Structure formats: structure tokens, C-alpha cells
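K.L.:
Have a look at this one.
See below:
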């Protein structure tokens, strides 16, 4: 009983300093067929992905928004990032991720933010993106 | 005895109490305050006396004045005497409290080693949990019951006997479940179906520790759980058991903020009805009905279950009997798969990369399960009998849509496990016992998780086996057992896997109450249909691996079992075992980067060694009872160049229990289980599930208070009384403190 009474077991981690990425994406041009736009999210990655495979392998190094609305002219997104124990965090690659097929790995970049994002605790970073399905971005490692 | 009581009563019947005569009355109870009926109370050296009624009362009238020695006696109790002086016309009261004698307890008979034999003659480590133990703790499912057995640790819903299983995401079991001797692993994931038991009609749960494949084939790699159901009694019995309780709201505001349900008490309850009776001089049986409703301590962890079981025994002729056990279980439940991190552990998490909009860490299903276990036993002679048995286990599982409606069965799982066996038991001479048999079994499962092959929607895995066992009492002290089993599994149309599993055991009785044993055995497990064929992207990226090889083990054990009695004062039973098991080709899920998914693969070469000791103490005729079980595990993963701790195993495991009888029919008990934090866990899971690597030691204290009077028993339980938050397996918070009240009415 003494052993069991030492502590209360698991508990929420202490409050962490947070940073926020908030933004708006504007869609230009026509939308593809609904079967080709399964899902859209804003993602911020601490690395530069070379392929879809790397997205999964380094899943915990990715911050992501909720699913964005489809077939609209524009939408907003918000990502809250926990910066516990770090003075700043760098996201080398961010933008809108586009799920174009039914398979789990049918993801590709739609539009990429043109510079790394460096965030400090308490910081709020607004960004604006313009996307065009006729001219999507590609993985840096792709031809 | 009844006749003498009646005689005493007749003698004592007064025609009329004369004023110059005295009267003596009183009550006889046991030391716990329970009234004792049928106790003889006599005035020593006279013909005056009486027997107590159902309330323990007695009355002796018309006694001539004088000084008498009054004696109260009953079978099973130490006779008590008091001296009393009766004056003319006196009406005296004299109460007795009888102390139970230490009657030589009936031998605990176990059957996990394929035949009924006294526990003391079983040459391998074995623990037994009785129905009384299960009832006293308000348990309704097998997994909850196993948590109280030394050497057994639950990792989520996987059973670890001495560290055998680890955690393999609920697919496959390295422990075999037997119900009345029939293997009962589920046909979909080869898992242990914990709720598939008539809990109020079990006689005992036996846990055989160590490789048991020589007895039962695949699946018994780490041990065997044998559930033995009760037979019907001579007199009709009816029992109603009502139980209700609630989970306490979690104390962390941050967790409550994410789920409104965590702010309220979350109720659960169970109602059980059983009736058992003899129907004729050749037929009898019982029926068992259960309703269970649990709102769950996590969001999306509700479950509802309806269950009906029956067992019939028919004796068509002398030396022959037919026993049929059958049960139907309907269940609707949410399976909480993994949490949303340590900041939000009460809600299921999600893996957005799977693409499915409902891809959350919970899986809602509705299932119907039917089991049928018929057996025919015939004894043509005094030293020989045989048993022919069959088994059928049907599972129909349907996922639920977002509105809670069942989807078509084609979206779920339909599974069959069926087979039969013949076993011959022959005792050609005193001290020699032979057991032979053959069995054939098959699993056939169609599941949306298993892609069909060549147009055959059902995945099947038939097997046949022959086995034999020879027990020989070499001398009055030495007993030798040898067993051999041959198994053949068809894993593809053109491919069979065969295994030969020997075992040998030696038992030596050093002196009365002390036996030593040594055991050696090989074990194996053929990967189940789920591990080989599962393909899923909805909840977790996982791909099939049809070429999985069987897991194998080689186990050694030496141990002792001792018993000590000191009259009324103390009774002590203890065990000590040293064990060593080498495992090869253990099947573990691993993330395959080239496949972008998890896959079950033969990966681990491991060694688990350690010691286990248990101590059961009964003091002052049962006034105080205690149990202590400690297991030390040295579990190493030998796959790499350097040994690493084997994942999901606790080095130290402690189970303790204490029960104390109190006055006024009360009994107070406590159970404490402690497991050290696993030295290593599988980090693959933590790639996708936040905080999946977070673990703490397990420290759970349960309290119980029982009040029993006549046929009524009321039990109040506090589970996880210290409200300790922990995980038994990654990313799944175990229940917080919860309270339970159980009413048991036995007719």
C-alpha cells in the first residue's frame, strides 16, 4: 500500500509554451473531380520530404491542421505547436497537402510556402497561400 | 447424527415446565458470528439436551437445579464446554462460539495436465483461482480474474504468463484457453475471448505455466488457461447476482476538458441468473443468463453484452455420460484502440495518413458468438475410459456505422473454429497412467481484413494431431511423466507444417508436505490467420505476410511445493520455481519502410528466465488468510548483437491478497498488484501515436467488504482504490478508481 501510494501515476504534462501558425489558402482555377480531391490539410514539417514514404516514416515531425473544406474559393487553417523545452522550432517545408487517391499514401504537395518558418514560444505566424490544382507543387526529390 | 439430535430433542421436550425446575437457552454461532444449525447442546452426564434450530437457538427446559457442564458440539468444530449453576425456577442464558477445526482440506484436483489429479502430483507450476475467489472480487470476465493470479500479467487484452506474450496488438495468443478441456481461441484473431464464460458457473480457473504444447499443441507456447465449469448439484440451486457501480470522474482538469463524460460518474452493471437442478435420475444441468452494461471510463469504450449458457449431463447407461455445454453471446462494444496523447488520453487518437474520415483510434462492432461443446465419455472397465468430444465456435462480427447501425456482414468477419478429439485414459496398474488421443481442428474465417485468394473468401488452417502421455510412479516417492505430441498444420493447399513436441517431468516427494519437481518441454505456435493475412489501411497501415514461420520455445523448470500445518494456528502452502525458456522466431509487428506499413514478421530470438514464489497463509482457522506471489523476470531479446530487454515485460511482478474475518458476518479483504515499469517498449507504435512510449509502474490496490448472512451476500468493492493512473499496454489508460456493489442471493 505504501508503494502504491507514492504517486498518482500518469498525469498531463505540464503546460507548454505554444506557438500558432494561422493562415488562409486561396484556390485559383477549377477544382478537379471530387474523387481526385479526397482531403486537404495544411502541414508544417521539420524536414524537407523527398517522397511520400518519408512522410510516414517521420510522421511525428509533422504538424498538421484539421481537414480543410473543399470546393470553396478560400479557407483558413490553424496549427498550434507545442514548444516545450525549445527556444525555437524550425519548419523547413510547409504548405497544403493534397490527398488525390484512395490509398493511404496518395498524398502530394499542392502549394508550398516559399520559406522556412521559425517559431518561438508565444509567437503567432500568419501566412497566406495561393493554390492552383492545374499547377501543383511536387516533392523536392521528384523530377 | 440427525437421529441422535432428534432423540435428544424428544428427550428434552417438556410436558410442562415445573416451577422448581430451571430452563437453559442460548445461541450457538461460529467465531465469525454466523448462527450454526444442528449443534448438539447437552448437559454432560444427563439425558438433558437439545439441538439448535436454523437461527442457532436452543432451549432446554425442565432441568433439576444443580451445577452442570454444558457441552456444544458439531462436526467440523471444536466442542465447547461451559459450567453453569441453575437454581430452582432459574431461566439462564448461555451462548457458545465454536471454533472450526482444521479439517484436512479436500485435495485440490486439477485437470490442466489432461487428466484429473491432485495438485500435489502435478509436476509443473500451476495456479488455481476458485469460484469463491472470483465471486469475492466481483469479477465478470476472465481477463479481470487473471489479474489476480501470480505470474500472470495482462498487457491490454493479451495474457502474459511469466512474460511469454508481450504485446502484439491483439493478434495471436501465446496462451491457450481451454473450456472444459476444449481449446477456445477466437477464429478471427486467435485471441482469448475473455467474455465467453458463464462466470457464475465456473468451478475454477487453472493456469498452467510454461510450454504446454506437448499436451495441447499450438497456442500453448507460454502456458494454458483451463476453465472448468460446474456440474449440476443434487438439490436444486438458484442464484441471482446483481452488481452495479461507477467509474469515478478523472481528477485532472485538463483531461476532463476534452471529454464531458469524464466529469461524471460512469456507471456499469451486471445481472446474472443461474439455475441448476437434477431433472431425472439420469439427466441434469444448469442455465446461466448474463446481462452486462458498461458505459466505460474512456470516450468510445461502451459495451453491452447478453449471454446465455447451458450445460446438460445425461447418463444413458452405467459408466457412460454425455455432456453438452453451449453458449450464445451477443455483444456490442466500442474498442478503444489508442489514445490521443497524454494531454488527452480519454479520447481516441487518429492517424490522418490512413485517409479514412472515420479513422480514429476506436472501432465499434457488434458480434454474435455461439459455442457448442459436446462430449461423450464411456468407461467399459474399471481402469479404462475414453472421451469423444467436439467443438464449434462461430463468430459473426459486424462493424457499426457512424449512426451505430451494423454494417453488412460482408464488411465484417464470419469465422468458424471446429473440430473433435478422442482421448483414451488407461490405468493398467496402480501408479501407472496412460493417456492417448488424436484431434482434428480447423479454422475458417472470412473477413474484410483478409483479402480473398483464388476466389476463396474463407481463409482456413486445418490441423491434425496425435498425442500420448505416460505417467509412472517409480517408487512411493518418485513419479515420472513423459509426453509426446505430433501436430500437422496446413497453411496452404500445398504446404503443411509439422511439429513434434516432447515433454518430460519428474516429481519427488522428499517428505510429507514437500515435493520437488523438474520439467522440460518444447512449445510451438503456428501464426494465426489474422497474423498471416491481415491487410488493413483503415485503422492502421498493415500488410499480410503468408510466409510466417511457427514460433518455438524450449522450457526448463525446477521447483518445489510445500505445505505446513500447525494445528489450529496456521496453515501454510508455498511454491518456488526457477524457469528458463528460450524462444525462437517470435512473431512481432514491425514497420516495414519499403512496404510503408506494419507487418507481422518472425523477428525475435529471446530468452526468459526467472523465479517465482507463492505463499498462501491461513491463520487461526481461517480468521486471517493471505497470499503473496512474486515473479522475477530476466527477459532478453537476443536478436541483435547485444542482448536487450524484451519489450513489454516487467522485471518484477508482485501479487498480494489479504482477507480478514470480522464480527457480525463481515469479511474485509484487499488485493495489491504491482508490476515494475517495462524496461523497454516497442517504439514503432510511437511513430504514429503520441506519447505511446509513456509507461509507469502498475500499482493497483483493490478493497472489498463482504457481509454474508444466510443465503444473502452483499459485497462492496473499491477497485483501484488509490486512483492510480497507469497503462497496461501503450496508449490505453487503465480504469481509474471505481466502486461496485454486488448482491448475491443463493437459494
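Residue numbers (the working numbering), protein chains in the order written: chain S, -2 to 140; chain E, 8 to 754. Just so you know, even glycine gets a beta-carbon here, dropped at the ideal spot from N, CA and C. On a predicted model such as this, the values are computed, not experimentally measured, just so you know.
1. Does residue 152 of chain E come out as helix, strand or coil in the three-state DSSP assignment?
2. Does the beta-carbon distance from residue 22 of chain S to residue 126 of chain S come in below 8 Å?
3. From residue 92 of chain E to residue 66 of chain E, what does the alpha carbon distance come to, in whole angstroms?
4. Can you tell me which of E/255, E/244 and E/210 puts its alpha carbon nearest to the alpha carbon of residue 755 of chain E?
5. Measuring only between beta-carbons, confirm whether residue 5 of chain S sits less than 8 Å from chain E.
6. How many angstroms separate the CA atom of residue 502 of chain E from the CA atom of residue 727 of chain E?
7. Measure the beta-carbon distance from residue 538 of chain E to residue 179 of chain E and round it to whole angstroms, keeping in mind my assumption that it falls under 8 Å.
8. Measure the alpha-carbon distance for residue 488 of chain E versus residue 203 of chain E and round it to whole angstroms.
9. Touch check for the segment 298 to 315 of chain E and the segment 692 to 702 of chain E: three-plus C-beta pairs under 8 Å?
10. If you measure beta-carbon to beta-carbon, which residues of the segment 700 to 718 of chain E are closer than 8 Å to chain S?
11. Name the chain S residues whose beta carbon is nearer than 9 Å to that of residue 304 of chain E?
12. Is the Cβ of residue 689 of chain E closer than 8 Å to any Cβ of chain S?
13. Following the continuous alpha helix (DSSP H) through residue 536 of chain E, name the residue where it begins and the one where it ends.
14. With distances taken Cα to Cα, identify the nearest neighbour of residue 273 of chain E among E/284, E/310 and E/237.
15. Please report whether the beta-carbon of residue 443 of chain E lies at a distance below 8 Å from any beta-carbon of chain S.
16. Taking the alpha-carbon of residue 631 of chain E as reference, which of E/670, E/227 and E/661 has the nearest alpha-carbon?
17. Leaving out the 5 sequence neighbours to the left and right, which residues in its chain are closer than 6 Å to residue 101 of chain S when beta-carbon positions are compared?
18. Using a Cβ cut-off of 7 Å, pull out every chain S residue sitting near residue 261 of chain E, in sequence order please.
19. Compute the Euclidean distance between the alpha carbons of residue 8 of chain S and residue 145 of chain E, then round it to the nearest angstrom.
20. For the beta strand (DSSP E) holding residue 673 of chain E, just list the boundary residues, first then last.
21. With a 10 Å radius around its C-beta and 16 neighbouring C-beta atoms as the bar for buried, classify residue 113 of chain E as buried or exposed.
22. Run down chain S in chain order and give the residues with a C-beta less than 7 Å from the C-beta of residue 603 of chain E.
23. Enumerate in chain order the residues of its own chain whose CB-to-CB distance from residue 201 of chain E is below 7 Å, with the five nearest sequence positions on each side excluded.
24. For the segment 716 to 750 of chain E, list every residue whose C-beta sits within 8 Å of some C-beta in chain S, in sequence order.
25. Could you pull the DSSP bridge partners for residue 182 of chain S from this structure?
26. Helix, strand or coil for residue 103 of chain E, going by three-state DSSP, please let me know.
27. Taking the alpha carbon of residue 712 of chain E as the point to measure from, which residue in E/724, E/702 and E/706 has its own alpha carbon closest?
28. Please give the ranges of any beta strand (DSSP E) in the segment 132 to 207 of chain E, keeping only runs that are unbroken, at least 3 residues long and fully inside the region.
29. Please confirm whether residue 169 of chain E and residue 615 of chain E have their CB atoms less than 8 Å apart.
30. Quick one: residues in its chain with C-beta nearer than 7 Å to the C-beta of residue 467 of chain E, no 5 flanking neighbours on either side, listed in chain order?
31. Is residue 33 of chain S helix, strand or coil when you go by DSSP?
32. Comparing the C-beta of residue 56 of chain S with each C-beta of chain E, is any distance below 8 Å?
33. Residue 479 of chain E: which of E/445, E/441 and E/591 sits nearest, CA to CA?
34. Leaving aside the five residues before and after residue 593 of chain E along the sequence, list all residues of the same chain whose C-beta is less than 7 Å from its C-beta, in chain order.
35. Does residue 51 of chain E pass the burial test, meaning 16 or more other C-beta atoms within 10 Å, or should it be called exposed?
36. Going by DSSP, which residues form a beta bridge with residue 288 of chain E?
P.N.:
On the basis of the data shown:
1. Position 145 of the second chain holds residue 152 of chain E. The answer is helix: DSSP assigns residue 152 of chain E an H, G or I state.
2. As a position in the first chain, residue 22 of chain S is number 25, starting the count at 1. As a position in the first chain, residue 126 of chain S is number 129, starting the count at 1. Taking 8 Å as the Cβ cut-off, residue 22 of chain S and residue 126 of chain S qualify as a contacting pair.
3. The residue you call residue 92 of chain E lines up with position 85 of the second chain. The residue you call residue 66 of chain E lines up with position 59 of the second chain. For residue 92 of chain E and residue 66 of chain E, the distance between alpha carbons rounds to 16 Å.
4. Only positions 8 to 754 of chain E appear in this structure, which leaves residue 755 of chain E out of reach.
5. Counting from one through the first chain, the residue named residue 5 of chain S turns up at place 8. Yes - at least one Cβ of chain E is within 8 Å of the one on residue 5 of chain S.
6. Working through the second chain from its first residue, we reach residue 502 of chain E at position 495. Working through the second chain from its first residue, we reach residue 727 of chain E at position 720. Answer to the nearest angstrom: the Cα atoms are 49 Å apart.
7. Here residue 538 of chain E is taken as the residue at index 531 of the second chain, counted from 1. Here residue 179 of chain E is taken as the residue at index 172 of the second chain, counted from 1. About 5 Å; that satisfies the 8 Å criterion.
8. What you label residue 488 of chain E is simply residue 481 of the second chain in a count that begins at 1. What you label residue 203 of chain E is simply residue 196 of the second chain in a count that begins at 1. Between residue 488 of chain E and residue 203 of chain E, the C-alpha separation is close to 33 Å.
9. no
10. 701, 703, 706, 707 and 708
11. Taking the second chain and counting its residues from 1, the one referred to as residue 304 of chain E is at position 297. Ordered by position in chain S, no residue passes the 9 Å Cβ test against residue 304 of chain E, which lies about 13 Å from the chain.
12. Residue 689 of chain E sits at position 682 when you count from the first residue of the second chain. Not closer than 8 Å to any Cβ of chain S, the Cβ of residue 689 of chain E fails to qualify, so no.
13. Counting from 1 along the second chain, the entry for residue 536 of chain E is found at position 529. Note, residue 536 of chain E: alpha helix (DSSP H), 536 to 540.
14. For the purposes of this step, residue 273 of chain E is taken as the residue at position 266 of the second chain. It is E/310.
15. Locating residue 443 of chain E in the second chain gives position 436, counting from the first residue. Not an interface residue.
16. Position 624 of the second chain, counting from 1, holds the residue named residue 631 of chain E. Ranking the options by Cα distance to residue 631 of chain E, first place goes to E/670.
17. For the purposes of this step, residue 101 of chain S is identified with residue 104 of the first chain, where counting begins at 1. Answer for residue 101 of chain S: no residue qualifies.
18. In the second chain, residue 261 of chain E corresponds to position 254, counting from 1. 9, listed in chain order.
19. Residue 8 of chain S sits at position 11 when you count from the first residue of the first chain. Residue 145 of chain E sits at position 138 when you count from the first residue of the second chain. Their Cα atoms are separated by approximately 28 Å.
20. Sequence index remark: in the second chain, residue 673 of chain E carries index 666 (1-based). First-last of the beta strand (DSSP E) with residue 673 of chain E: 673 to 682.
21. Within the second chain, numbered from 1, the residue matching residue 113 of chain E stands at position 106. Note that residue 113 of chain E has pLDDT 41, beneath the 50 cutoff, so the model's placement of it is unreliable and the number below is only indicative. It counts as exposed.
22. Position 596 of the second chain, counted from the start, is the residue given in the question as residue 603 of chain E. In chain order: 50, 53 and 102.
23. Counted from its first residue, the second chain places residue 201 of chain E at position 194. Here the set comprises 148, 149, 150 and 164.
24. 729, 730, 731, 732, 733, 734 and 740
25. In the structure as shown, chain S starts at -2 and stops at 140, and residue 182 of chain S therefore has no counterpart that could be examined.
26. In the second chain, the residue the question calls residue 103 of chain E occupies position 96. Three-state DSSP puts residue 103 of chain E in a strand.
27. Locating residue 712 of chain E in the second chain gives position 705, where the first residue counts as 1. The option with the nearest alpha carbon to residue 712 of chain E is E/724.
28. 133 to 137, 159 to 162, 165 to 168 and 182 to 186
29. Walking along the second chain from the start, residue 169 of chain E turns up at place 162. Walking along the second chain from the start, residue 615 of chain E turns up at place 608. Contact flag set, yes.
30. Indexing the second chain from 1 puts residue 467 of chain E at position 460. Here the set comprises 449, 450 and 451.
31. By 1-based counting over the first chain, the position of residue 33 of chain S is 36. Three-state result, residue 33 of chain S: helix.
32. As a working mapping, residue 56 of chain S is identified with position 59 in the first chain. So, interface residue.
33. Here the question's residue 479 of chain E lines up with position 472 in the second chain. When only C-alpha atoms are compared, the closest one is E/441.
34. For the purposes of this step, residue 593 of chain E is taken as residue 586 along the second chain, with counting starting at 1. Result list for residue 593 of chain E: 558, 610, 611 and 613, in chain order.
35. For the purposes of this step, residue 51 of chain E is taken as the residue at position 44 of the second chain. Residue 51 of chain E comes out exposed.
36. Translated into positions along the second chain, residue 288 of chain E becomes position 281. Residue 288 of chain E pairs with nothing; no bridge assigned.
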